[in-house]
Amino acid sequence: MTRKTLSPVDKAFWESRARSHVDARNSLSTCPLMGDKVQLLPLRYGRVERLHNLPDTSGYKDLKRPLGLRLVRDGYLYVIDESSGYLHEYRLENGVPTKLLWQDREVAQDVRQTAVGEQTLIFPRDSTLHVAYAELQWTAAKCAHVLGSAADRFYFMQTVELAQADCEQGGVHLRVEQQVREQLAELAELPAQQCNTPDMPEGERQDYVWEHQPLFREAHIGELKNALNPFYELNHLYLLLDDSIGLLRDLAQEQDEVVGWLNEWRERNDNEMRYITASYIDTLMSAGDNSARQTNPDSALLKDTTPEQRGRIYDYINARNHWRREHNNGPVPSTTSAGQYSALRGSTYDERPQVRFARLDMDGKYSQMVLALGKPRHEALKDDIDALEENSQGILNGVGLGSRGIYDLVRHEEMQAYLTQERSHLKRWTQRLDDITHDRVRLFTQGELYRSAWYFDPDHADQLKSALTMELNCTRDLCRTEESLQKVGDYFHDNPHYILPVFYGRLDMDFLRAKSGSLLKWLDDIHNFSDGLA
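In case it helps, the numbering used here puts the sequence shown at residues 3 to 536.
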């Protein structure tokens with residue numbers, strides 16, 4: 003997937019649109035956000051590649067994958083003005099509101115398609131708003147749900163205090179134009195630098211290949227301001243919407259992508275078998291607890307040291323083995339200032355840089371070993387350390403005349419280069435998978451999925467089907483580790499009502515505060531009854 007960029011013609015057009023309100027700004031000669039009303043332009047919190055910005059939503063703050071500002075997805079935006087009690091419903095397309103579908107204190111129809119007014123989000127400056135993004139249009143029952151219950155509005159929707167916004171720093175879920183210019187991924191995120199890592203998957207070189215739907219594209223501030231009423235040039239803010247379902251969709255897709263890279267790696271040139279074999283040989287070549295037991299099972303080195311101290315001993319022996327190998331490769335002839343080999347005239351040889359670096363590393367590891375053991379213990383263990391080193395040398399170079407060691411049986415430099423490259427791939431992918439799993443499990447066990455999906459109405463067949471599809475896409479392969487399985491299991495143990503199909507579509511605060519305990523007891527009774535039958 004190539005990066006979607008704006009053409010020069012499009013950039014020029016949107017630049018002109020972004021500047022179309024300059025005259026209005028100059029003529030007013032007033033400070034920003036001093037008007038009685040303010041216009042809102044919607045954006046969302048979403049996954050980004052590099053342009054990370056700390057979100058205001060508490061449930062998003064401890065995630066490990068980068069999170070920032072994104073253009074809003076296609077769907078619906080709902081706003082309830084706490085003072086007037088009006089519900090405003092907007093259709094969102096291509097990142098901007100395109101229709102105002104409803105504006106009233108009551109909703110009578112499940113499907114609303116006709117525009118009833120201007121699609122601009124203009125509200126009094128001192129308003130308290132409840133806002134929510136939805137993939138599907140709310141049914142009349144869902145609209146009545148939040149219109150009739152202040153507690154449900156505060157739980158299921160974001161609360162935005164327009165009066166708290168600052169003209170330079172914005173506010174909670176609110177940003178000013180300069181912040182958006184610097185933080186919105188579609189405006190400010192630079193393309194990834196080309197990486198020359200060998201055998202890196204093509205998808206890993208591309209930005210946003212992990213999106214559930216390919217939405218990322220280069221944009222211009224003029225596209226957003228195209229929906230701005232000129233009279234609100236100095237009185238507009240950018241509204242940031244929670245999109246937990248979108249986050250979970252993208253994280254699940256990203257996990258699939260990384261797992262796909264691992265599968266491709268396994269199948270390419272029988273990599274898995276080659277890597278396991280090379281790693282086993284590398285283990286034989288390195289000093290460790292196994293080689294120490296083979297040298298002397300009753301050694302004081304094993305009995306009188308801690309794992310950390312033994313680690314320092316093994317590091318020193320391995321560094322010394324590396325120095326020996328480099329040293330045995332011999333020096334290089336000295337060169338004159340003209341670059342000619344002085345050895346041709348009978349001069350001396352120089353120590354190779356590799357030998358010098360290996361010796362410095364060995365000396366450093368020796369000092370660390372002595373410091374970790376302490377001089378008295380080091381002196382007491384000196385014979386055991388020497389015996390372990392001798393055994394290690396025998397494994398590497400053979401014991402006795404004519405015998406061969408591992409160095410004689412494998413292409414050592416080639417094997418080490420292969421392991422270094424493949425370990426970097428596996429470490430990078432494993433860490434990325436661990437971070438993805440952490441974020442998915444954290445969002446799930448904090449209840450973000452079910453709280454965000456409350457608007458799916460299971461009494462409507464089409465919405466029931468959409469809810470089941472959404473849940474599958476958000477939770478597939480969620481428990482890929484023992485730790486994640488335990489956390490998800492604990493969550494369902496504390497919230498067993500969510501095992502009922504699309505139960506989140508029937509949630510309200512009355513249940514969460516008063517009835518959940520009764521349901522938990524009922525489910526526990528059923529569980530205990532079935533255990534008794536068994």
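C-beta: ideal position from N, C-alpha, C; glycine also.
Between SER60 and THR130 the beta-carbon gap is near 19 Å, outside 8 Å, which marks them as no contact. With contacts defined as CB atoms closer than 9 Å, PHE458 and TYR506 qualify as a contacting pair.
PRO44 sits in a strand when the DSSP states are folded into three classes. Pairing CYS481 with LEU451 gives a Cβ-Cβ distance that is not under 9 Å.
Shown here, TYR210 sits in coil according to DSSP, grouped into three states, outside any helix or strand.
Under the three-state reduction of DSSP, VAL372 is assigned to helix. The stretch 62 to 72 makes contact with the stretch 181 to 191, as at least three CB pairs between them are under 8 Å. Ranked by Cα distance from ARG478, the first of ASP58, ALA469, GLY248, ASP258 is ASP258. The C-beta distance from PRO44 to LEU239 rounds to 10 Å, too long to fall under 8 Å, and the pair is not in contact.
Residue pairing for GLY77: DSSP places it in a beta bridge opposite LEU94. Sequence-distant Cβ neighbours of ARG444 in its own chain, meaning closer than 6 Å and more than five residues away, do not exist here.
By the criterion of at least three beta-carbon pairs nearer than 8 Å, the stretch 260 to 277 is in contact with the stretch 422 to 438. Here ILE319 is near SER394, since their CB atoms are less than 9 Å apart. For GLU206, there are no CB contacts under 6 Å within the same chain when 5 residues up- and downstream are skipped.
The beta-bridge partner set that DSSP reports for PHE125 consists of VAL40. Assigned with DSSP and collapsed to three states, GLY407 falls in coil, not helix or strand.
Distance check between ARG413 and each of ASP496, LEU470, PRO309, MET287 places MET287 closest, using alpha-carbon atoms only. In terms of Cβ geometry, HIS380 and VAL357 do not form a close pair [threshold 9 Å]. Taking the Cα of ALA374 as reference, the smallest distance to any Cα among GLY313, TRP104, ALA469 is reached at GLY313. When DSSP reads this structure, TYR135 sits in a beta bridge with LEU79. For the pair TYR80 and ALA136, the CB atoms are nearer than the 9 Å cut-off.
Separation of GLN418 and GLU274 (C-alpha to C-alpha, rounded to the nearest whole angstrom) is 16 Å. Assignment of ARG177 by DSSP, reduced to helix, strand and coil, places it in the strand class. When DSSP states are grouped into helix, strand and coil, TYR240 belongs to the strand group. By the Cβ criterion, the stretch 99 to 118 is not in contact with the stretch 213 to 221, since fewer than three pairs of Cβ atoms, one from each stretch, lie closer than 8 Å. Counting C-beta atoms within 10 angstroms of its own C-beta, GLY248 has 16 or more neighbours from the protein chains shown and is therefore classed as buried.
A direct Cα-Cα distance of roughly 14 Å separates LEU192 from HIS222. Taken atom to atom, the span from the alpha-carbon of ALA194 to that of MET202 is near 14 Å.
Taking THR447 as the centre and dropping the five residues before and after it, the same chain places the C-beta of LYS489, VAL490, ASP492, TYR493 closer than 8 Å to its C-beta, in chain order.
The three-state secondary structure of THR439, taken from DSSP, is helix. With a 10 Å radius around the Cβ and a threshold of 16 neighbouring Cβ atoms, ILE387 comes out buried.
By DSSP's assignment, PRO503 forms no beta bridge with any residue.
Leaving aside the five residues that flank LEU253 on each side, the residues in its chain whose CB is nearer than 6 Å to its CB run, in chain order, ILE438, ASP441, ARG442. Beyond the five residues adjoining it in sequence on each side, TYR88 comes within less than 8 Å, by CB distance, of ILE82, GLN105, ASP106, ARG107 in the same chain, given in chain order. In the structure shown, GLY290 falls within a coil segment according to DSSP collapsed to helix, strand and coil.
Distance from the Cα of ASP512 is smallest, within the candidate group THR7, LEU42, ARG155, for ARG155.
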